[in-house]
Every structure is written in structure tokens, then in C-alpha cells.
Ligand SMILES: [Zn+2]
């Protein structure tokens, strides 16, 4: 903080007040899974000097709320300035932001802004459509596969922040050489006055930092400092990683509007919930929000403004538009928070919120609610009402105590005209009929007409805890315990998709594909409506050679606009294995157009090219795949196969070795390297590959190859 005397000496009034500065840069930082009470400046246990300093020069909102409690839905609200029932994304998968959506980036880009996003984890992968309007959308997590049930492709703030810093540095250098930059010492007002081509050289950057999300594994030295509170260690580490970016922006000649918020909080056991997504209590719904203008010689404020108004995620877009001198579209539901009157006036900012994960993933009752001033109403079979002014921890449910208040808040909620979630990857009657013809009750059964108390998430939260316990058990190597937990969960709640999906995944990982397939078939026969169950089953059926059933199952999933790329990819593989190369090619090309940042469709197209004998084209495709994802084991293995086809077995071996360095469980590379060397007479070179293949490849999927390998080793199986 600059001492007040310095400011007086400079003849400037201290201003923390954000102002309209046409063409200023915009930095939006979303920190995933950030509780409102975690940061130091919010009185939290995490030491967060960088964000505390930012708040000290701007406005800190103490009553800010998200509208959803899952990552993708919440970010869609932040970027589009609309509620989930308006942008349509109600959960982390099965939804995609429509191509015509209006976002911060699509609105600023036509104004001359260069736009870039640097994101930390899979839920905001470009395949979900948040990338529209961005010149650069950097979502390279090093692994372009969808997350499996127990691991999420992600990268830490210490990787994401430097990418944003170097992109910004390049823009600022370009701006300077282009002669559009005002002198830094001239300050913000001079900048504003000179701004005839106001936005030339301006940028909008969104940085998404995933670190506080579970699992909580802070890097050193935060691991030791927060050994008993690792979640807060992640928050402190995120702040430390972010600090240099804020320093850069503060030192830059052009002023920057900085907005920092969380996408949702984290329960940490509050109300029986461990993480987030099930409920919408304040632990997960309330988020921090800080708005400041820094850099460009903007005066340094010497007061901290703490605003108690009800700030909402939908207010962020109008705030950005006003601060950069743009008109806000009239139909946006939010209102700018930029000017002091907006932050002080008594106009209510009622807020809609929801938690649809229980309904969509578990078959439980949907949760929707409303905040009006400090009153909160949750519409569930067992309704809830809280007075947050006196009961911030939501310990006393007031529903039923004042029917008049209940009715008023219920009416306020109805006033939003929120629609129920659309069916995930909503399909026509045709698709549903085809699924029924397969003996499945439904792939997209309508939501229940009526939910009872038995469907209320409050009554079922222990099942959610059981799923967490099962994940922990499996991750700790206790697969049998995990299987037993899932079987108990399914016995009590046979419509709980996540239990079947995890159980099948464990079966599969343990090398028991037929059990995995049976588990998912059982889910569909029990009427589970989550299309991801069908997608997962289709993939497993393909890998076990049940191609006809896989294709019948996956084709309906592929025929919808918001198609899940993993289901689509599985269909392409089923076609390819069923010798329908042309169909497979068009599917993989569609995957590529939806998800151009993934190496997977290129690798699959490369494999198709090899199958038809076009080694040159295959090589080009695998090289493109490596360009997209240099860490792709499959792409290197594919280059090996292409080299072998071209007669260069030395090059092939080299590529397979690289593939195995990147993924020791690339069984195809192991097998190909071992058999190629053995057939060339180099049994000594082949032995380590073949032995490792025999030791690690799942017999259920590689039965014949394992026999070949054993035969090549002279019939001797390694112990
Ligand atoms: Zn999140």
C-alpha cells in the first residue's frame, strides 16, 4: 500500500473506485472450488498476499454468489452473464454452449480486443464450447483424453500463469512497437483521452486456476505449512502462483480491469457434503469476488472498499462491458457493479441458483432456489428457508415457520421462469425407441413427474459420502472394498448412474471386461437415464468385439447436436473395427471439428490411413497429432507402425520406445516392439518388451497376442 502522504505529494486523490476507461485491458481470474471464506482478506486460513493486495486497491464483495455449483455450468454463467436455464449448461458433461452464445470474448473481440484463455482443467475444455470468441484457448493439459472416473486431466497454476504472462507480454510488446501505447507516466486519464481507436492493442485474458479442487495436494512449501488443512494450502499456492501476473499487470502502461472470483466453493464436510455439486449451501454457493483497476498509472487507492451488496456472477459481464466503455445488451439479467451508486443503492439483486448434479447423475430431486436480500429459499421435496443475516451457516431451516415468507420466496423463484434441465444430449423419440428396442428402458427417460421426500438429497447425502469413500478406497489400492461399497449403494438406490459407472470402470481396470459390460447393462435395465452410461458401455462393447451391439447403442447418441465426443469417438472405433472405414472416417472428422485441440481423432484417422495401406498419409496425421499433443504415446506408437509399414523397422522401434517412455501401459507399442525385434531374430532385444507385455497386458483383451508373445519367447512364460 502506498502511504497517503505520497499520494498527496503527487497531487492526486486516492481512488479505489473503478471507473470507465475505454479500451482498458481485462483480466478475469477464476479460481476453481474457492470458498468465500478461504482467502486471507476474507478472514480465511489461507495466506494470500497477492489477492489481499488486489482487494486493498479495489472493491471486495462479501456477499457474492454463483448460480451453479459445478465448474462448467458456473463458468458458462460468468462468461455469458446468464443463468444456467438461459445458457443451458446444467452440469459438467452432456452439455455444450451453443455456437451462437454471447460471451465476454465474443462481445469484446469485435471491439478490437485480442482474446486469450488459459485454463487449468478438463471441465472447461474447448469441447464444451466456452472457447468461442477467443483467439487463443489454451487447454493443453498434457492428456487430451476425457477424465476417467478417478483422475482429472489438469495442470497447476504454476504452469497456467506463466503461459498467460508470456502471451500478455507478447501483446504488450506488439502494442508498443505498433506505436499505439501511451506513455506509462501519462496515466490512465491521458490514456483515455488518447483513445480514438480505443481498443487497438487491448486484450481480454481469462485465467482459470484449478488447484484448490480435490484432491488437495499443495506443492512445497505449502504442503508442510498446511499439513492439517491441505485445501487451504492449495489456495495459498494458487495465490503465490498468481502474484507475478498481477505484478506484470500493475507495472504495465495500459490500465487493466481485474476481476477475481471462484466458480463455486467447497463443502469440506458442511451439511454432510465433502466437495461440491450436490447442495447449494453457502459453503459451495457463496464465492469471493474482487474488482480492481490496476496498472497504467491508475491512482493507487488507499482505502479498501468492502461491499455488502448481493453481487452475482451474472453481474460480471455487464461490469466488464461498462468498465471498457461498451454498451451492455439490454436483455442481460445482470447489472454492472462498476460505479459506487450501483454498489450502494437499495435496488434488490435477487439471484437464482441451482444444483442439478443430484438429479442428473443420481436420479435425485432437482435443487433450485433463490436469494432475496439475506433470505434464501431452496425448493426441494423438503423445502428450506434460511435467514443468512443471522444464520450464515444455515443451521436453522425456517421453512414452515412463516408460510407467508415461504410463499413470497417461492413466488420469487417462480418469477425466474427457470426451466428444468434439458435432457442431456437431448434426443428425438427415434433414438429413445431404438434404445428400447435394445431392451433398455430408456436412454433419455423424462425426469420423474414427481419427486418425494425419499428423493431429497438431504436424505441421500450419505450415499454421496459412500461414493467418495469408494473412490478413496480404489485410489488407495483397495479395489475389493470399493466394489463392495458400490454394490451396497446400487442395492439401496438402483437408479444411481455414478455407482454403476465407477463400478464398471473398476471391473475394467482389473481386467474383467465382461463384468464391466454386465454392470453397465444392469444400469440401463434399471432405467438409469444418464447417456454417459450408454457411451461407456458402447466403448467397452467395442473393445470386447461386440461391434453390432456397440454400434446400435452409440448411433443414437451420435445423432444429436450436443453430442458427447467420447461417445462419438467410441462409435468411430466401432465402425473402424467393423470394417466400415468410410463411416469411421467421417465420425473421426466430426470429432476433430468439435475438438480440434485433441490428438485423439488425428490418431484414429492415422490408424485408418494405415489400415488402408497409406503409410504416408498416416505419418502426416500422427505428426499433426504430436503437434497438438507432444506427449501423446499413441501418436508415437502410430508413427512406429507407419515406419514399419514403410520398411524402416529401426525407426519404428525408436518411436515405440518413445511411446513407452510416455505411457508404460501402451500395450500395442510393447507388443509391436517385442514381436518386430523377435521376428528379425533379435530375441535379446525383444525379451524385455515381450516380458513386460506378458506381465502387464490384460488377458481379457490381449489373449491371442499374449500367446504369440509367449511363443516368441520360446514358450517360456516369465514368472
Ligand atoms: Zn469448479
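In the numbering used here, the protein residues as written are -13 to 705. Backbone N, C-alpha and C define an ideal beta-carbon position, used for all residues, glycine too. The structure presented is a predicted model; accordingly, all values stated were derived computationally and were not measured.
Check                                                                                                    : Outcome
Element boundaries [alpha helix (DSSP H), containing residue 277]                                        : First-last for residue 277: 272 to 280, but that is the beta strand (DSSP E), not the alpha helix (DSSP H).
Same chain, Cβ closer than 8 Å to residue 600, neighbours up to 5 away in sequence not counted           : none
Contact set for residue 686: own chain, Cβ-Cβ below 8 Å, skip 5 residues either direction                : 497, 498, 499, 500 and 530
Distance cut-off 8 Å: residue 249 Cβ against heavy atoms of ligand 1                                     : yes
Distance cut-off 8 Å: residue 77 Cβ against heavy atoms of ligand 1                                      : no
C-alpha distance - residue 558 paired with residue 573, whole-angstrom precision                         : 5 Å
Stretch-stretch touch, CB-based, cutoff 8 Å, three pairs: the region 111 to 119 with the region 79 to 96 : yes
Supposed close pair residue 224, residue 17 - CB separation, criterion 8 Å                               : 6 Å
Helix, strand or coil at residue 51 according to DSSP, with G and I counted as helix                     : strand
Residue 639 (DSSP reduced to helix, strand or coil)                                                      : helix
Straight-line gap, residue 320 to residue 250 (C-alpha atoms, nearest Å)                                 : 18 Å
Cβ-heavy atom distance, residue 224 to ligand 1, below 8 Å                                               : no
Alpha-carbon spacing of residue 58 relative to residue 382, whole angstroms                              : 31 Å
Alpha-carbon spacing of residue 24 relative to residue 248, whole angstroms                              : 11 Å
Same chain, Cβ closer than 6 Å to residue 143, neighbours up to 5 away in sequence not counted           : 195, 197, 224 and 227
Neighbour flag for residue 113 against chain C, beta carbons, 9 Å                                        : Among the protein chains of the structure shown there is no chain C, as only one such chain exists.
The beta strand (DSSP E) enclosing residue 537, as first and last residue numbers                        : Careful: residue 537 lies outside any beta strand (DSSP E), inside the alpha helix (DSSP H) at 533 to 544.
Meets three-Cβ-pair contact criterion under 8 Å: the region 234 to 246 and the region 196 to 212         : no
Secondary structure of residue 518, DSSP reduced to three states                                         : helix
Given residue 80 as reference, the closest of 618, 515, 669 and 658 once Cα atoms are compared           : 515
Reduced DSSP secondary structure (H/G/I, E/B, other) of residue 615                                      : coil
Beta-ladder partner(s) of residue 248, from DSSP                                                         : 17
Where residue 677 sits in the DSSP three-state scheme                                                    : helix
Given residue 656 as reference, the closest of 682, 635 and 668 once Cα atoms are compared               : 682
From 445, 330 and 314, residue whose alpha carbon lies closest to that of residue 351                    : 445
Cβ-heavy atom distance, residue 109 to ligand 1, below 8 Å                                               : yes
Any non-hydrogen atom of ligand 1 closer than 8 Å to residue 269 Cβ                                      : no
Nearest residue (CA-CA) to residue 388, options 380, 373, 377 and 401                                    : 373
Cα-Cα separation between residue 633 and residue 575, rounded to whole angstroms                         : 28 Å
Residue 583 vs residue 556 beta-carbon contact at 9 Å                                                    : no
Paired residues, beta bridge with residue 189 - DSSP                                                     : 100
Where residue 636 falls, given that 16 or more other Cβ within 10 Å makes a residue buried               : exposed
Reduced DSSP category for residue 147 - H, G, I as helix; E, B as strand; rest coil                      : helix
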